[in-house]
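Q: Sending over a structure as structure tokens; questions will come in a sec.
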Amino acid sequence: MTANPWAQGLRAAVLDGNAAALEKDLDLLAGRMPALAIVNDVLLPAMAEVGRLFEKGMMQLPFVLQAAEVVKAALDLLEPRLPKAGRRLRGSMLLATVKGDVHDIGKNLIDIILRSNGFRVVNLGVNQGGEEIAAAVRRHRPGHVGLSALLVRSTLEMENVLRHLRGEGVRVPVICGGAALTPAFVDTALKPAYEGKVAYAADAFAAMKIMSGKEAAKPAPAGGRPAKAKAPAAVKAAAPVKPPFRGPRLARWTLDELLPLVDRRVLFKARWQMRPGPKAERFLAETVALLRERKIDRFAALYGYFRCSRRGDDRLVIEHGGRKTVIELPRREGISLADYFAPEGDALPLFIATCGAGMAALEKELYASDRYSRYLLAHGLGAQLAEALAAALHERIRCDLGLAARQGRRFSPGFPAWPALSDQRKIVRLLDAGRIGVAVNKGDQLVPELSVSAMVVSHPQAVYF
Ligand code: B12
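Numbers 1035 to 1499, taken from our numbering, label the letters of the sequence shown in order.
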């Protein structure tokens, strides 16, 4: 790295995520070195340092994204001076979230970090099937394909994509990532479906190592022995709860009411990947101010009580509006959620809560205007506001039913005790969730994305499993 002070200034701007003097710094520097050298010898090494600091735990994710913002702004400013050909790229990736999945942020974080590290990225967007991806591979000829999936079901869709690519004769190495994906699944299900290489990467930094040939894909961790299932206690009949009303009802919370319910530790550590402390608190205050400015300060939910009865040993039949809806609750570890409902008739509390369309629009706008750090912060707070709403509804239902402390457990479709994500469609219909702008897409996901659906099980013996 050159010792010239302007280059040092630019490097510091990237590392500090501070674009305040960027235009001036770049102008001064461009008079002294070619634009291409600024990219290759200053910006990319600075970003590589950011990556090293992140991996050592010395830089936190929102600051990595701020650094990426500075690099993006610098590249935009340098663009007219950069030669059309000859720009050294570290590699290229065609990136897509697979069909049936509308989850954007995981894939977009990969896009942001790869681009700011000198990779070319073609981001196809969400809900992409094998045909679209194969056509884009032919068009863009990427060095790697990156597939993203949030849900278990979309990890299965990855296998279809790979089979389709194989059928089309594509052999470009593929890197897969996402919340519900495991290295073991990549090894056992995805690798055999494709002729080219398939690797798992936990994040953008792992992906860059694979793309640079620096690190072989990690072998799957030895699968631990599954915990021995405890014999479930026999479920005794419980006195039926008395719901205060039947059918759906609207409930609203303001941002001020919800904020005290936000779990800050989860927000900071899991959603923002930051240590709790003054910096995280400052980001929280700024993100809340942004939400207020955009009038994202009222949140709607629907909840209600429905007549239901247990049918067989793993089903509930819900009766509402002259129509029967059946929910299957498969037995696991000897327990089915159906065990907690009486065959002769019971009450089922259901709810849906959403951050609303305004939040989704804000996220889209922040990403499109290259405010990457704000994008992560808004998404993370939105996720925790959805959780806070769910907690508030859970509490309201517990109060309505007069449940004892710690009685009344919340279960959502898509989790092991209630695996059918498609039951979200049934909940949306029963609660008439269109009234609060919530719908279900073809992949059975709630739209807007930052929404939660659940039932509350009031039986005193109910446990999480
Ligand atoms: C926060 C969260 C929520 C939030 C926000 C969700 C969202 N869409 O953003 C809220 C509370 C709204 C929510 C709701 C639900 N959730 Co949720 N949620 C999570 C949680 C805890 C984190 C997801 C997240 O946002 N991560 C942050 C982003 C940035 O990470 P990411 O997408 O994983 O991407 C990173 C990596 O995976 C990787 N990566 C991603 N893609 C790629 C691609 C490549 C090429 C590479 C290299 C790397 C890579 O890099 C990214 C950056 O580091 C996960 C569990 C978990 N620990 O991951 C469950 C999880 C995704 N949720 C789950 C479920 C079931 C739900 C609900 C269906 C529950 C319900 N019925 O209400 C709803 C769905 C609502 C809907 N719209 O239909 C399940 C899904 C399982 C399944 N059955 O498929 C999970 C896996 C929890 C679990 N253990 O079962 N959820």
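Glycine included, every Cβ here is placed at the ideal spot set by N, Cα and C.
1. Is the region 1045-1064 in contact with the region 1358-1376, if contact means three or more CB pairs nearer than 8 Å?
2. Could you pull out every unbroken alpha helix (DSSP H) segment of at least 4 residues lying fully inside the region 1112-1183, listed in chain order?
3. Can you round the beta-carbon distance between Thr1388 and Val1472 to whole angstroms, since I take them to be within the 8 Å contact cut?
4. For Ser1492 and Gly1442, what's the separation of their Cα atoms in angstroms?
5. Is the Cβ-Cβ distance between Ala1372 and Arg1341 less than 7 Å?
6. Could you tell me whether any non-hydrogen atom of the ligand B12 is closer than 6 Å to the CB of Leu1484?
7. State the beta-bridge partners of Val1076 as determined by DSSP.
8. Say the cut is 6 Å; is the CB of Lys1141 nearer than that to a heavy atom of the ligand B12?
9. Is the closest heavy atom of the ligand B12 to the C-beta of Phe1449 under 6 Å?
10. Counting Cβ pairs closer than 8 Å, one from the region 1129-1144 and one from the region 1186-1196, do we hit at least three?
11. Do you know how far the Cα of Leu1423 is from the Cα of Leu1292?
12. How many angstroms separate the CA atom of Ile1386 from the CA atom of Arg1469?
13. Between Glu1315 and Arg1298, what straight-line distance do the alpha-carbon atoms span, to the nearest angstrom?
14. Report, in whole angstroms, the separation of the C-beta atoms of Gly1281 and His1198, which I expect to be a contact under 8 Å.
15. Between which residues of its own chain and Asn1052 is the CB-CB distance below 6 Å, once the five residues before and five after are set aside?
16. From the DSSP output, in three-state form, read off Gln1042 for me.
17. For the beta strand (DSSP E) that contains Arg1405, what are its first and last residues?
18. Report the rounded CA-to-CA distance for Val1360 versus Pro1383, giving the unit in angstroms.
19. Does the Cβ of His1493 lie closer than 6 Å to at least one heavy atom of the ligand B12?
20. Buried or exposed for Asp1380, going by 16 or more other Cβ atoms inside 10 Å?
21. Less than 7 Å between CB atoms is the rule here; does Ala1271 satisfy it with respect to chain D?
22. On a CA-only basis, which of Phe1153, Val1136, Ser1182, Leu1196 is nearest Leu1109? Give me that one, please.
23. Grouping DSSP H, G and I as helix and E and B as strand, with all else coil, what is Lys1225?
24. To the nearest angstrom, how far is the alpha carbon of Ile1335 from that of Arg1365?
25. Closest by CA to Leu1077, which one among Ala1055, Ala1101, Glu1089?
26. Check this for me: beta carbons of Ala1233 and Ile1209, under 7 Å apart or not?
27. Starting from the Cα of Leu1289, find the closest Cα among Asn1074, Leu1325, Val1105, Leu1181 and give me that residue.
28. Which parts of the region 1076-1111 are runs of the alpha helix (DSSP H), unbroken and 4 residues or longer, counting only runs that do not cross its ends?
29. Could you tell me the boundaries of the alpha helix (DSSP H) in which Ala1319 lies?
30. On the DSSP bridge list, what partners appear for Ala1335?
31. Could you tell me if the beta carbon of His1428 falls within a distance shorter than 6 Å of some heavy atom in the ligand B12?
32. Going by DSSP, which residues form a beta bridge with His1354?
33. Contact between the region 1231-1245 and the region 1139-1153 is defined here as three or more beta-carbon pairs at a separation below 8 Å; is this criterion met?
34. If you follow the beta strand (DSSP E) that Arg1469 is part of, which residue opens it and which one closes it?
35. Taking all protein chains shown into account, do 16 or more other C-beta atoms lie within 10 angstroms of the C-beta of Glu1103, making it buried, or fewer, making it exposed?
36. Among residues of its own chain, excluding the 5 on either side of Gly1177, which ones have a beta-carbon nearer than 6 Å to its beta-carbon?
A: A quick look at the data gives this:
1. no
2. 1139-1150, 1164-1174
3. 5 Å
4. 4 Å
5. no
6. yes
7. BP columns for Val1076 are empty, so no partner.
8. yes
9. yes
10. yes
11. 7 Å
12. 11 Å
13. 9 Å
14. In fact, because the Cβ distance is near 45 Å, the residues do not count as touching under 8 Å.
15. none
16. helix
17. No beta strand (DSSP E) contains Arg1405, which DSSP labels as neither H nor E.
18. 15 Å
19. no
20. buried
21. Of the chains in the structure shown, none is chain D; there is only one protein chain.
22. Phe1153
23. helix
24. Inspection of the sequence shows that residue 1335 is occupied by Ala rather than by Ile. Whole-angstrom Cα-Cα distance: 30 Å.
25. Ala1101
26. yes
27. Leu1325
28. 1078-1089
29. 1312-1327
30. Ala1285, Ala1387
31. no
32. Arg1357
33. yes
34. Counting along the chain, Arg1469 falls outside any beta strand (DSSP E), and DSSP gives it neither H nor E.
35. buried
36. Gly1125, Ser1126
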